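For reference, the structure is listed below as structure tokens.
In mature numbering (1 follows the signal peptide of the UniProt record, and there is no 0), the protein residues as written are -31 to -1, 1 to 344.
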């Protein structure tokens, strides 16, 4: 049952978003006119700018209003969906969201694993999607919308493991190796080139840790990896994090969950905090983050390592003013802009002809692979 407190939060959030939508509709032109005339691009080891501020672009008015709404709702959440919590979380794909798609539930060594795909699809591409939620929360409506849209846009099968959460048997030791096994099983069935791993927030922690584990084994490494606002160091120890006024996350809440996630291991163990793991052998990887995300300093630390170690297959799309998990909030213009790119990075399928124009609108002039996703 939804509590009065949750109803109040939802009401404040919805009111602010409603105002924002109206402002966005009437004010986007003037907002775009105020954007600095820079020529930003996604960075990797080949075109990185070293210690220079790597964030580019600008948040939409709707995203700015969402940030204000989140602060008004006093969220303090650890994952996408903010303080809306209960009514917006589900361990199974909601039927209205997956309408017209084939949804299958199966068991994987005691875990529930969902598969979502178009019913007539002949694609062999599979995306293993690891949801965020601070290790404490189920997948949100934003996750399920995102997964369903990837399946529709690409005809790929999106595979969503429902892993145990902290306090319910979920630790790095119980989750990461099993996710690695799930991914390796997919690569064995359809080939590494047909498998991608996708994780946001705490799901990004698991996705990168599992991929690092597979790379160390030289077996089962997926063909592609996409991380959205990943939680790379569970200690949240970078001093820059304390200076970020994040409207969605709270450092204390994250650190508490991070200790539970570590279990008996040190929090600097790569299986717990993949920032400290080897980057050798990673597949082509794209990392999305934003400067208003208190986890973004650790993304910058990862970027520094990528540059120093020369991993040219890892690139970063860093939005100035971007919220935690911004590509997953499907109603935000900047999320709409990068959605085709993320689908392409995961599946190799691009069903739009204006991807570069959409990205340029938000000054996220992301480079796409030649021959694909061209205007």
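Note that beta-carbon positions come from the ideal geometry of N, C-alpha and C, so glycine has one too.
Bear in mind that the values here come from a model prediction, so they are computed numbers and not experimental data.
Per DSSP, residue i is paired with what?
i           : result
residue 93  : None, per the DSSP bridge assignment.
residue 98  : 167
residue 257 : 197, 286
residue 83  : 74, 129
Report the three-state DSSP secondary structure of residue i (helix, strand or coil).
i           : result
residue 276 : helix
residue 163 : helix
residue 75  : strand
residue 233 : coil
residue 58  : strand
residue 109 : strand
residue 220 : helix
residue 67  : coil
residue 180 : helix
residue 204 : coil
residue 355 : The structure shown does not extend to residue 355, since the chain is modelled only from -31 to 344, so the question has no answer here.
residue 315 : helix
residue 191 : coil
residue 140 : coil
residue 298 : coil
residue 240 : coil
residue 247 : coil
residue 103 : coil
residue 291 : coil
residue 146 : helix
residue 34  : helix
residue 124 : coil
residue 214 : coil
residue 308 : helix
residue 266 : helix
residue 134 : coil
residue 157 : helix
residue 39  : helix
Exposed or buried, residue i, counting other C-beta atoms within 10 Å across all chains shown (16 or more means buried)?
i           : result
residue 187 : exposed
residue 199 : buried
residue 314 : buried
residue 353 : No answer is possible for residue 353: it lies beyond the span of the chain, which begins at -31 and ends at 344.
residue 105 : buried
residue 79  : exposed
residue 137 : exposed
residue 202 : buried
residue 75  : exposed
residue 147 : buried
residue 172 : buried
residue 299 : exposed
residue 22  : exposed
With distances taken Cα to Cα, identify the nearest neighbour of residue i among the options.
i           : options            : result
residue 81  : 72, 89, 287        : 72
residue 32  : 105, 215, 301      : 301
residue 239 : 219, 42, 37, 175   : 175
residue 182 : 243, 98, 220, 163  : 243
residue 83  : 230, 90, 67, 93    : 67
residue 85  : 173, 121, 308, 274 : 121
residue 89  : 157, 70, 252, 145  : 70
residue 168 : 40, 99, 133, 201   : 99
residue 258 : 159, 269, 126, 39  : 269
residue 310 : 74, 206, 254       : 254
residue 294 : 164, 102, 75       : 102
residue 63  : 29, 111, 39        : 111
residue 129 : 158, 165, 157, 161 : 165
residue 215 : 276, 127, 40       : 40
residue 312 : 115, 282, 212, 292 : 115
residue 251 : 283, 276, 229      : 283
Within a Cβ cutoff of 7 Å, which residues of the same chain sit near residue i, ignoring the five residues on either side of it in sequence?
i           : result
residue -10 : No answer about residue -10 holds up, because its pLDDT of 40 lies below 50 and its placement is not dependable.
residue 289 : 24, 25, 26, 27, 260
residue 278 : 248
residue 224 : 204, 205
residue 266 : 207, 209, 210
residue 159 : 93, 95
Excluding the five sequence neighbours on either side, which residues of its own chain have a C-beta within less than 6 Å of the C-beta of residue i, listed in chain order?
i           : result
residue 142 : 232
residue 318 : 123
residue 162 : 192
residue 94  : 125, 163, 316
residue 237 : 245
Please return the same chain residues whose Cβ sits closer than 8 Å to the Cβ of residue i, not counting the five positions on each side in sequence.
i           : result
residue 2   : Residue placement at residue 2 is flagged as unreliable, the pLDDT there being 32, under the threshold of 50; the coordinate-derived value follows with that caveat. Here the set comprises nothing.
residue 247 : 181, 184, 185, 239
residue 177 : 168, 194, 196, 199, 201, 243, 246
residue 157 : 189
residue 132 : 80, 99, 139, 144, 147, 148, 175
residue 228 : 203, 236
residue 60  : 81, 107, 108, 131
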